[in-house]
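Reviewing the structure listed below.
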Amino acid sequence: MKPAPFEYFAPTSVDEALANLAEYGYEAKVLAGGQSLIPMMNFRLAQPSVIVDINKITELAYIRENEEGGLRIGAMARHNQVEHNPLVAARAALITDAMPQIATVQVRSRGTFGGSIAHADPSAELAAVSVALDGSFLLRTQRGERWIPANEFFVGLFTSVLEPDELLLGANFPALPERTGCALVEVARRTHDFALVGVAAVVTLDRDDRCQRARLVFFSVGDGPVIAKQAADLLKGQELTLKSMRAAAETAAKLDIDPGSDIHASADYRRHLAGVLAYRALEKAFKRARGPG
2 MKPAPFEYFA
12 PTSVDEALAN
22 LAEYGYEAKV
32 LAGGQSLIPM
42 MNFRLAQPSV
52 IVDINKITEL
62 AYIRENEEGG
72 LRIGAMARHN
82 QVEHNPLVAA
92 RAALITDAMP
102 QIATVQVRSR
112 GTFGGSIAHA
122 DPSAELAAVS
132 VALDGSFLLR
142 TQRGERWIPA
152 NEFFVGLFTS
162 VLEPDELLLG
172 ANFPALPERT
182 GCALVEVARR
192 THDFALVGVA
202 AVVTLDRDDR
212 CQRARLVFFS
222 VGDGPVIAKQ
232 AADLLKGQEL
242 TLKSMRAAAE
252 TAAKLDIDPG
262 SDIHASADYR
272 RHLAGVLAYR
282 ALEKAFKRAR
292 GPG
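Just remember that the numbering used here sits 1 ahead of the position in the sequence shown, which is counted from 1.
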């Protein structure tokens, strides 16, 4: 199938794009990489009457260090640009871990960081990673701008707090504390498929190798990223042993998530996978936090 008819705008500045969105509101859709929107339009699952193509707004394609030694990523930074950027690897290695899991090389050459976030797909790696890293997103309208924490941005299935006249400009990630390790683990039926279950883990150790802070965030188990709070609370202040990490993983699978069944996997299978993957992610993050030796 082909898309329904639409009017097309290609602004060259953020202000111009915001003017388009202010004028057309709910009738408009923003086109970034197009790796989700275009297929949806072709199948007429999305039928916007106006397309605002922001590919000419080159000022949004940045990757740079922020003032606190963390990371800023512009909405139009391509996935492959992020994947191979040494600053990303140094400041937010969890993002680097996630990138090869996103679709195919071809998709990553066009897809954008901001597009993946704005699409709010519950199976998206970057949504969960952004929550795990305590990221925040810069949103702007003609009325002003606001920073929204990642854990408040995703509010439902393919739904975020983005207003119809609002544009996502970029993401900010704070510097990670010393002795922090991260890991992302997922399972899919085939390479490049959407994950049946995935989990991002961030672990910070104190000088005695006890858990100072832990964050487990699941994807593909709900309507958006799911924070495993009870599992994290179980680990805080504890020595990270195989036993304690396994207990936390089991707690996450039993108490923190409520996966559904679909044609790809049953709820019980997803819950089982969640426990296994949470343990693997915690173990990997712990080893990275502790460092060599």
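All C-beta atoms, glycine included, are put in the ideal place defined by N, C-alpha and C.
To the nearest angstrom, how far is the alpha carbon of residue i from that of residue j?
i	j	result
A229	A254	9 Å
A20	N56	16 Å
M41	D122	13 Å
F220	L95	14 Å
A286	Y27	42 Å
L140	P165	11 Å
G261	D269	8 Å
L235	H273	19 Å
R281	V186	7 Å
R109	A47	22 Å
S37	T105	13 Å
G238	D98	27 Å
R214	E179	12 Å
A296	V31	This structure cannot speak to residue 296, because the chain is shown only from 2 to 294.
E24	I149	24 Å
S161	E60	24 Å
E68	L134	17 Å
E8	G136	34 Å
P101	A184	13 Å
Sorted by chain position, which residues of the same chain lie with C-beta nearer than 6 Å to residue i's C-beta, five sequence neighbours on each side aside?
i	result
V132	A151, N152, V218 and P226
A129	A201, V218, F220 and P226
A62	G75, M77 and A78
Can you tell me whether DSSP reads residue i as helix, strand or coil?
i	result
N56	coil
P101	helix
V15	helix
Q213	strand
Y27	helix
R190	coil
I118	helix
V277	helix
T252	helix
I96	helix
P87	helix
Y9	strand
A62	coil
A232	helix
E68	coil
P150	strand
Go through its chain and collect everything with a Cβ distance to residue i's Cβ below 8 Å, but skip five positions before and after it.
i	result
R1	The chain is shown from 2 up to 294; residue 1 falls before or after that span and cannot be answered.
A29	N21, L22, P49, S50, V51, I52, V53 and P165
M246	L236, Y280, L283, E284 and F287
R45	M2, P4 and A5
Taking Cβ to Cβ, would you say residue i is nearer than 9 Å to residue j?
i	j	result
D257	A232	yes
G34	R111	yes
I58	T13	yes
P6	N43	no
Y251	G223	Per the sequence shown, the amino acid found at residue 251 is Glu instead of Tyr. The answer is no: Cβ separation not under 9 Å.
R211	L241	yes
E167	T192	no
V204	L283	yes
R271	L163	no
F138	F154	yes
L278	G182	no
A290	L206	yes
T113	H85	no
To which residues of the same chain is residue i closer than 7 Å at the C-beta, ignoring the five residues directly before and after it?
i	result
S117	A125 and L127
A189	F195, A196 and L197
Below 8 Å on the Cβ atoms is my guess for residue i versus residue j; work out the distance and round it to an integer in Å.
i	j	result
G115	A76	3 Å
Q82	I103	Rounded, the Cβ-Cβ distance is 13 Å, inconsistent with contact.
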